[in-house]
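Please read the structure below before turning to the comments.
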Amino acid sequence: KQEVTQIPAALSVPEGENLVLNCSFTDSAIYNLQWFRQDPGKGLTSLLLIQSSQREQTSGRLNASLDKSSGRSTLYIAASQPGDSATYLCAAIYYGQNFVFGPGTRLSVLP
Amino acid sequence: GAVVSQHPSRVICKSGTSVKIECRSLDFQATTMFWYRQFPKQSLMLMATSNEGSKATYEQGVEKDKFLINHASLTLSTLTVTSAHPEDSSFYICSTRKGQAGELFFGEGSRLTVL
Numbered sequence: 142k143q144e145v146t147q148i149p150a151a152l153s154v155p156e157g158e159n160l161v162l163n164c165s166f167t168d169s170a171i172y173n174l175q176w177f178r179q180d181p182g183k184g185l186t187s188l189l190l191i192q193s194s195q196r197e198q199t200s201g202r203l204n205a206s207l208d209k210s211s212g213r214s215t216l217y218i219a220a221s222q223p224g225d226s227a228t229y230l231c232a233a234i235y236y237g238q239n240f241v242f243g244p245g246t247r248l249s250v251l252p
Numbered sequence: 132g133a134v135v136s137q138h139p140s141r142v143i144c145k146s147g148t149s150v151k152i153e154c155r156s157l158d159f160q161a162t163t164m165f166w167y168r169q170f171p172k173q174s175l176m177l178m179a180t181s182n183e184g185s186k187a188t189y190e191q192g193v194e195k196d197k198f199l200i201n202h203a204s205l206t207l208s209t210l211t212v213t214s215a216h217p218e219d220s221s222f223y224i225c226s227t228r229k230g231q232a233g234e235l236f237f238g239e240g241s242r243l244t245v246l
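Put into structure tokens, the structure is as follows:
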């Protein structure tokens, strides 16, 4: 069964800290791995897409890595800001119509 | 990047009425769109896959007669919650993707409240 887990479920940090969010997937035959951000009452905003042939992607203060063999992806947020507070979800995307979301990590960055 | 537009963002209706939610792919033609439901502080639950020109594929436990999906064009899919009841109150989100395993793009979501 294809499953995605995310650790931690919730995280609260002071402003300025660097932090790492973890995503694990059971089926390593992924096509892509995508990270999203969701603000309360809003849809999902795509942050980074890592193709299976890639090891990492970077956008601004965000860096996402992918290790297919171990079934893990991490999202690194540098110099966190209160505006980064949101729920972060990862999705393992498989070929065809199949994709699996993790339950998300709720991040609070305190000023 | 691609943009998915969802409308309405909020809707309040009386019990027993039907509500239609629209999802539009603005930047590319989407042969497939996905409809989700999300309960407070929970992750997304895939309800159905909407296929242009054919019947939608529903996930186990989702009533197809309750949640009618129409994908009449390559840019528009609609979800109609029929005979809505308070337990149907939820946050509904649509998404589409580029290609068979491409990047997923999401609408802004629709908050349905059934009184």
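Which chain is which? The protein sequence lines are B and R, in order.
Basically this note's numbering = 1-based index in the first sequence + 141.
Basically this note's numbering = 1-based index in the second sequence + 131.
Yeah, the Cβ is synthetic: ideal placement off N, Cα and C, and Gly gets one too.
Since we're looking at a predicted model, the values are computed, not measured.
Since A220 of chain B sits in a beta bridge, which residues does DSSP pair it with? Taking the first residue of the first sequence as position 1, residue 220 of chain B is located at position 79. Per DSSP, A220 of chain B has no beta-bridge partner at all.
Mind checking N159 of chain B: buried by the 16 CB within 10 Å criterion, or exposed? In the first sequence, counting from the first residue as 1, residue 159 of chain B sits at position 18. Under a 10 Å Cβ-count criterion, N159 of chain B is classified as exposed, with fewer than 16 other Cβ atoms of the shown protein chains found around its own Cβ.
Start and end of the beta strand (DSSP E) containing Q179 of chain B? Position 38 of the first sequence, counted from the first residue, corresponds to residue 179 of chain B. From DSSP, the beta strand (DSSP E) with Q179 of chain B extends over N173 to Q179.
Less than 7 Å between the CB of G212 of chain B and some heavy atom of the ligand MG, yes or no? Looking at this structure, you won't find the ligand MG or any other ligand, since it has none at all.
May I ask which residues mark the beginning and end of the beta strand (DSSP E) holding K151 of chain R? To locate residue 151 of chain R, count along the second sequence from 1; it is residue 20. First-last of the beta strand (DSSP E) with K151 of chain R: V150 to S156.
What are the residues in the segment 174-190 of chain B lying within 7 Å of chain R by C-beta distance? Listed by position, the residues of the segment 174-190 of chain B near chain R (Cβ gap below 7 Å) are Q175, G182, K183, G184, L185, S187 and L190.
Can you check whether the CB of L216 of chain B is closer than 8 Å to the CB of S153 of chain B? Counting from one through the first sequence, the residue named residue 153 of chain B turns up at place 12. Counting from one through the first sequence, the residue named residue 216 of chain B turns up at place 75. Judged by their CB atoms, S153 of chain B and L216 of chain B are not nearer to each other than the 8 Å cut-off.
Which chain D residues sit within Cβ distance under 9 Å of L230 of chain B? Checking the listed chains, one finds no chain D in this structure; the protein chains it contains are B and R.
Per DSSP, what are the beta-bridge partners of Y236 of chain B in this structure? Start at 1 with the first residue of the first sequence, and residue 236 of chain B comes out as number 95. Secondary-structure assignment with DSSP links Y236 of chain B through no beta bridge to anything.
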